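Position 153 (the sequence shown) corresponds to 246 in the working numbering; numbering is contiguous.
No residue lacks a Cβ here, since even glycine has one placed at the ideal position from N, Cα and C.
As the structure is a prediction and not an experimental result, all values here were calculated from the model.
See structure below.
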Amino acid sequence: MGLMLSLARMISVTNQDTKDGNWRRQKFLGTELYGKTIGIIGAGKIGYLTARRAQSFGMKVLAYDPYISRDNVLLSELNAELVSLDNLLARADVVSCHLPATTETAGLLNAKCFGRMKSTATFINTSRGEVVVENDLLDALKSGRIAGAALDVRATEPPLTGELERLPNLILTPHVAAFTREAQDRVTKAICEDVTRVLDGKPAQNAVNSSGSRHQLL
């Protein structure tokens, strides 16, 4: 949500411009999230929670996920529309990616996908860098094919500095989406609880390589 708001209101750019001694209000005409459509690619637990928070800003929700059904109760709770990837890209004002890195998702977001998006749309990836073809995103941002993007994850981490780092319409953060004091406390607690469970002969509740589908979390 922070990246979404920063893109809509150009917060990082206006911050630096103002610190440089300028006061150029007319240069930074932003947009509102209210009434816009968010497209969630990957409607698992994180995608669902993102959509819930987006609703509090008055956003409509589209979702793409080939592993859930149209009668999914949580989609119904969000009043979300389950659509094809092409449909989502064409209609969304904000495209938010929440995919795991698999052979199916590697390079999924490419030039073809960015070419289907609105020229006023923004793209956010806080999932895995491997799902985006970075050179294609670079071309889309430089040409104005899409309005802006924010990446918290990269195909290679840490990445080599290149053209992406010089784009004014791109926000880059160093894989810190879940890096908060509260989240780290929850991780530590979950690990300790699972170690105790395993030592007691019980199965772990938060196994990294779970045999169940990620959508069983919902």
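Measuring alpha carbon to alpha carbon, tell me which of L168, R184, K120, G135 ends up nearest K129. R184
If contacts are defined as beta-carbon pairs under 8 Å, then I264 and S99 qualify, I think. What distance do you get, rounded to the angstrom? 6 Å
For A156 versus I133, is the C-beta distance shorter than 8 Å? yes
Could you tell me which of A300, T266, T254, T249 sits nearest to A243, measuring between CA atoms? T266
If contacts are defined as beta-carbon pairs under 8 Å, then A144 and L175 qualify, I think. What distance do you get, rounded to the angstrom? Actually they are not in contact, since the Cβ atoms of A144 and L175 sit about 12 Å apart, beyond 8 Å.
8 Å Cβ cutoff met for G331 and V187: Residue coverage of the chain in this structure runs from 94 to 311, which leaves residue 331 outside it and unanswerable.
Residue-chain proximity (S162, chain D), Cβ-Cβ < 8 Å: The chain inventory of the structure shown lacks chain D, comprising one protein chain alone.
Given a threshold of 16 other Cβ atoms within 10 Å of its Cβ, counted over all protein chains shown, does V166 qualify as buried or as exposed? exposed
Return the first residue and the last residue of the alpha helix (DSSP H) that I318 is part of. Lying outside 94 to 311, the shown extent of the chain, residue 318 is not represented and no answer is given.
Is the region 219 to 234 touching the region 193 to 209, taking contact as three or more C-beta pairs under 8 Å? yes
From N262, A248, L253, residue whose alpha carbon lies closest to that of S236: N262
Assign V246 to one of three DSSP states: helix, strand, or coil. coil
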